[in-house]
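Residue numbers (the numbering used here), protein chains in the order written: chain X, 6 to 156; chain U, 134 to 263.
Laid out in structure tokens, this is it:
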């Protein structure tokens, strides 16, 4: 078994029940990550936009294929998808703007999704709990709020 | 899944996995794929997922779609457009190959090595279970 891969070749099978969330997504009973998830808008429980799906997090298992564990949003998630220098810059800017030392992107665990289909992607909590609008809140408090006459 | 056991399982699923156990889509998309003989198969354009388990919304990664033109893959779900575009889309994405997760041998930065030969791969249309 190759440690870089984390799964032995031949381990597990590609069996699954299959799903058909919508046209353009279903491929022979399976789904396309680009069609169903990547770059889709995520809404919170109140219908407010939370962000877009910029990357996917899979958890490697000792046996069988990796399992989709979370949706990742934000510049530190999108940066690695843009290859080359632009991607590195994008990630670095996102890291600088994060209020935490941990550069790991905003993470929406799969169990928190209440709706996932071709029409909509809804997470079962409010936007402020997810924390994807931290930059907007920070700019509001520290920049916009200090402009005379604001708020 | 219901009850205390179900809630515990959901809490465990919410926890961030250890970094060594994490694989991101960006680690795979755009990687060049080479077969066991070192022949280039293509570039990973899309990931193929299948549902599993009793709960809804659980997906696992079962394959990688490798092809030459990324645009054709990106437009696959789009509504029908002008005929030259549809022709390009159909033609290029039809030539894509599907790499089952079981034959992925090694994942390195920007490169994936397979444990099989290129001519053993199936076309992406149909492919695993299709």
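We put the CB at the ideal spot given by N, CA and C, even for glycine.
Where does the unbroken beta strand (DSSP E) through residue 60 of chain X begin, and where does it stop?
Reading the first chain from its first residue, position 55 is the one you call residue 60 of chain X. Unbroken beta strand (DSSP E) run through residue 60 of chain X: 60 to 64.
Please go through the same chain and pick out, in chain order, the residues whose beta-carbon is closer than 8 Å to the beta-carbon of residue 51 of chain X, but skip the five residues on each side of it.
Sequence index remark: in the first chain, residue 51 of chain X carries index 46 (1-based). Within the same chain, and ignoring the five residues on either side of residue 51 of chain X in sequence, the residues whose Cβ sits closer than 8 Å to its Cβ are 131, 132.
The beta strand (DSSP E) spanning residue 5 of chain X covers which residue range?
There is no way to answer for residue 5 of chain X, as the model of chain X reaches only from 6 to 156.
Does DSSP classify residue 82 of chain X as helix, strand or coil?
Residue 82 of chain X sits at position 77 when you count from the first residue of the first chain. Of the three classes helix, strand and coil, the one that applies to residue 82 of chain X here is helix, per DSSP.
Using the Cα positions of residue 84 of chain X and residue 239 of chain U, report the straight-line distance between them to the nearest angstrom.
Position 79 of the first chain, counted from the start, is the residue given in the question as residue 84 of chain X. Position 106 of the second chain, counted from the start, is the residue given in the question as residue 239 of chain U. If you take the alpha carbons of residue 84 of chain X and residue 239 of chain U, they lie about 23 Å apart.
Under a three-way DSSP split, which group does residue 89 of chain X fall into?
To locate residue 89 of chain X, count along the first chain from 1; it is residue 84. Three-state result, residue 89 of chain X: helix.
For residue 267 of chain U, go through chain X and note every residue whose CB falls closer than 8 Å to its CB, in chain order.
The first residue shown for chain U is 134 and the last is 263, placing residue 267 of chain U beyond what the model contains.
Chain-ordered chain U contacts of residue 88 of chain X [CB-CB under 7 Å]:
Looking up residue 88 of chain X in the first chain gives position 83. The contacting residues are 163.
For residue 158 of chain U, which residues of its own chain have a beta-carbon under 7 Å away from its beta-carbon, when the five flanking residues on both sides are left out?
Numbered from its first residue, the second chain carries residue 158 of chain U at position 25. The residues are 180.
Following the continuous beta strand (DSSP E) through residue 160 of chain U, name the residue where it begins and the one where it ends.
By 1-based counting over the second chain, the position of residue 160 of chain U is 27. Counting along the chain, residue 160 of chain U falls outside any beta strand (DSSP E), though it belongs to the alpha helix (DSSP H) covering 158 to 161.
Boundaries (first-last residue) of the beta strand (DSSP E) holding residue 42 of chain X
Locating residue 42 of chain X in the first chain gives position 37, where the first residue counts as 1. Per DSSP, residue 42 of chain X belongs to no beta strand (DSSP E) and is neither H nor E.
Any contact of the stretch 79 to 98 of chain X with the stretch 42 to 59 of chain X, i.e. 3+ C-beta pairs under 8 Å?
yes
Residues bridged to residue 245 of chain U by DSSP?
As a first step, residue 245 of chain U must be located in the second chain, where it is residue number 112. In DSSP, residue 245 of chain U forms a bridge with U/166, U/240.
Does chain X have any CB closer than 9 Å to the CB of residue 168 of chain U?
Within the second chain, numbered from 1, the residue matching residue 168 of chain U stands at position 35. Not an interface residue.
Nearest-angstrom Cα distance between residue 168 of chain U and residue 136 of chain X?
As a working mapping, residue 168 of chain U is identified with position 35 in the second chain. As a working mapping, residue 136 of chain X is identified with position 131 in the first chain. Separation of residue 168 of chain U and residue 136 of chain X (C-alpha to C-alpha, rounded to the nearest whole angstrom) is 42 Å.
Exposure label - residue 271 of chain U; buried when at least 16 CB within 10 Å:
One cannot answer for residue 271 of chain U here, as it falls past the ends of chain U, which runs 134 to 263.
Under 9 Å between C-beta atoms, does residue 251 of chain U make it to chain X?
Working through the second chain from its first residue, we reach residue 251 of chain U at position 118. It does not; no Cβ of chain X falls within 9 Å.
Is any heavy atom in the ligand SAH found nearer than 8 Å to the beta carbon of residue 123 of chain X?
Of the ligands one can find in the structure shown there are none, so the ligand SAH has no counterpart to examine.
Selection from X/126, X/94, X/141, X/154 that minimises the alpha carbon distance to residue 76 of chain X:
Here residue 76 of chain X is taken as the residue at index 71 of the first chain, counted from 1. Residue X/126 is the option with its Cα nearest to residue 76 of chain X.
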